[in-house]
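Going by this note's numbering, the sequence shown opens with residue 16, and the numbers climb by one from there.
Taking it in order: structure first as structure tokens, then the write-up.
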Amino acid sequence: MTKSTKTRFHGIIPPVSTLFHPDGSFDRVQQAKLIDNMIAGGVHGLFFLGSNGEAAHMPVEQRFEVAEFCIGHVAGRVPVLIGISVPGTAGSIAIGQHAARHGADGVVAINPYYARLDEKSLYGYFRDVADAVPVPMMLYNFPGVTGQDLSPELVLHLARDCPSIVGLKDTVDTLSHIRRAIQLIKPARPDFLIFAGFEEYMLETLIMGGDGCVPASGNFAPQISIGVYEAFRAGDYAALLGWQRKLVHIPPLYALESPFYSVIKQAMKMVGFADAATVLPPVLEASPESIATIRRTLVQIGVLADDGAGTPT
């Protein structure tokens, strides 16, 4: 397959939860239901086997099973990205080549999260993986889980040298990092895509010239992040303000559990997107207190009905 710098990636591309039976096996029926509901909700793409997809807690055989099923079930309705990273270069390449063989539109690579690498080694890792995997690749910066930031300067170096590296998912809790990436990289490579990893920074990312967001809330309320994105593009600032006022209530949900995978699954279950809330060990299920807060928040943002007696329905 010939690589191309032209991609269809834009807008709202949620990191999809991976759904399991209580014994930890992959639940194809509920996964299909979730995919169909997210696509019907208007997402512009789907990212499987990222952090929220619990890829780091799966054996590689299960990752292959999930990737094959999800690519096949999407069936070209929206672009598909597959997370491929493990701590070693050879393993990431093997997972990426598997995704490419089965029809992924692109792959997403986070920096290795065991050994702390210097920037020369990080550059070599991403370049080696990009050279060996025959589909476009997005870089994934998430220092909160890797313990190491991908500097905008490093990303610029890779963007200049590797045409098949097409973008950055910048999951950072500081807007200045996204701003620096946009201001540094876009002038040198205008086609390079920059996505906010956290939806609370999506609007500012768009204003500064970024390309979209990878919001976990797309698993239960895609209409909100899509509403912000589409209203911004249309210049409909009254609608934009309305959607943004809903969106600001979502980020506190991610602090309820660490990591937040069970929070997303409980919210997804409450709105009827799918019925499978099992998380893989060592992650724990959401507490009753967290579940109650999730319900109140979903009612507050208008994605879950209230029966009038204070009980969400």
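Using N, Cα and C, we set each Cβ at its ideal position, and we do this for glycine too.
Item: C-beta atoms of G225 and I180 nearer than 7 Å; Value: no
Item: Option nearest G257 by Cα separation, candidates I239, I265, G57; Value: I239
Item: First and last residue of the uninterrupted alpha helix (DSSP H) at M217; Value: 217–222
Item: Close Cβ partners of G325 (< 6 Å) along its chain, the five nearest in sequence each way excluded; Value: Low confidence applies here, because G325 scores a pLDDT of 46, under 50, leaving its location unreliable and the question unanswered by this model.
Item: Three-state secondary structure assigned by DSSP to C177; Value: coil
Item: Test item: CB-CB of P30 and G57 under 7 Å; Value: no
Item: Top-ranked residue by Cα proximity to E304, from T293, Q281, V187, L295; Value: Q281
Item: Cα-Cα separation between E80 and I86, rounded to whole angstroms; Value: 10 Å
Item: Nearest-angstrom Cα separation, counted from D251 out to E272; Value: 35 Å
Item: Classification of T20 by the beta-carbon crowding that lies within 10 angstroms, buried from 16 upward; Value: At T20 the pLDDT is 37, less than 50, meaning the model places this residue with poor confidence and gives no usable figure here.
Item: Buried/exposed call for L319, threshold 16 Cβ in 10 Å; Value: buried
Item: Coil, strand or helix - G225 by DSSP; Value: coil
Item: With 16 other Cβ atoms within 10 Å as the buried cut-off, status of L299; Value: exposed
Item: Identified DSSP bridge partners for D185; Value: N156, A211
Item: Length of the line joining the Cα atoms of G68 and M223; Value: 29 Å
Item: Per-residue DSSP class, three states only, for D321; Value: strand
Item: Cβ-based neighbour list, S107, same chain, cut-off 7 Å, excluding 5 preceding and 5 following; Value: I99, S100, V101, A124, V144
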